[in-house]
Amino acid sequence: MVTWLAEVGRDRQFDARTDVCDAAVGAWLDGLVSQSIRVMHDRRIPRSKTNIDHIVVTPGGAWVIDTKRYAGKAPEKRVEGGIIPPRVELLIYRGGDKSKLVEGVQNQVEHMRGAVGDVPVHRMLCFVDSDWGFFPDAFTVNGVHVVWPRKLAAMLEKIGEPVVDRISAARLLVWAHD
1 MVTWLAEVGR DRQFDARTDV CDAAVGAWLD GLVSQSIRVM HDRRIPRSKT
51 NIDHIVVTPG GAWVIDTKRY AGKAPEKRVE GGIIPPRVEL LIYRGGDKSK
101 LVEGVQNQVE HMRGAVGDVP VHRMLCFVDS DWGFFPDAFT VNGVHVVWPR
151 KLAAMLEKIG EPVVDRISAA RLLVWAHD
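Using the numbering used here, count along the sequence shown one by one with no gaps and you end on 178.
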């Protein structure tokens, strides 16, 4: 894990659209920092062009958060198949299948799991600038939470029972502080 963490760095150039999205979510997350919550932004996966937008370390584990700036109606979940064909969960935005976004988060989590071992790693897609309506409802697609910034903060603040042992927590905190 230490090797992986040493290679991780803030080295990606963003376009203006991505900067605004990541900065908005980053500001929400930075407001949560405390003795029990640590936050990192824009971490490159070693030997890859892929980055992780945000990583939050809590007593309940690590959270990998990918942010997307999609204006208009919020994304939705569609379930196809079932009894005879296999059940398939899709992420739909403006009528199109955006399930590759879910796969991207899952890929990031797999890289992270290789570095942190037994520490639980949670998955989240956060949509900025989407219209979630008056009574929004978060959902999951293939184990990835799909949320908006305020819901993301609310979920992270619900720490619950600590599941990260002291040694793992220390490793994660060292990692969170670069």
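C-beta atoms are modelled at their ideal positions from N, C-alpha and C, and glycine is treated no differently.
Since the structure is predicted, the reported quantities are computational estimates derived from the model, not experimental observations.
Taking the Cβ atom as the reference point for each residue, do residue i and residue j lie within a distance shorter than 8 Å?
i: residue 152; j: residue 65; result: yes
i: residue 55; j: residue 76; result: no
i: residue 137; j: residue 72; result: no
Mapping the DSSP letters down to three states, classify residue i as helix, strand or coil.
i: residue 142; result: coil
i: residue 82; result: coil
i: residue 147; result: strand
i: residue 23; result: helix
i: residue 118; result: coil
i: residue 98; result: coil
i: residue 29; result: helix
i: residue 181; result: With the chain covering only 1 through 178, there is no way to say anything about residue 181.
i: residue 87; result: coil
Which stretch, first to last residue, makes up the alpha helix (DSSP H) that contains residue i?
i: residue 133; result: Looking at the DSSP string, residue 133 is not in any alpha helix (DSSP H), and its letter there is neither H nor E.
Using a Cβ-Cβ distance cut-off of 8 Å, determine whether residue i contacts chain B.
i: residue 137; result: Reference to chain B is not applicable here, since this structure consists of a single protein chain.
From what residue to what residue does the beta strand (DSSP E) around residue i run?
i: residue 44; result: 38–44
May I ask you to list the residues that DSSP assigns as paired with residue i?
i: residue 70; result: Per DSSP, none; premise fails for residue 70.
i: residue 61; result: 58
i: residue 124; result: 65, 145
i: residue 77; result: 91
Since residue i and residue j are thought to touch, with beta carbons under 8 Å apart, how far apart are those beta carbons, to the nearest angstrom?
i: residue 87; j: residue 81; result: 5 Å
i: residue 128; j: residue 24; result: 5 Å
i: residue 112; j: residue 121; result: 5 Å
i: residue 69; j: residue 21; result: 4 Å
i: residue 34; j: residue 59; result: Contact doesn't hold; Cβ gap of about 11 Å is too wide.
i: residue 62; j: residue 102; result: Incorrect: roughly 18 Å between the Cβ atoms, too far for contact.
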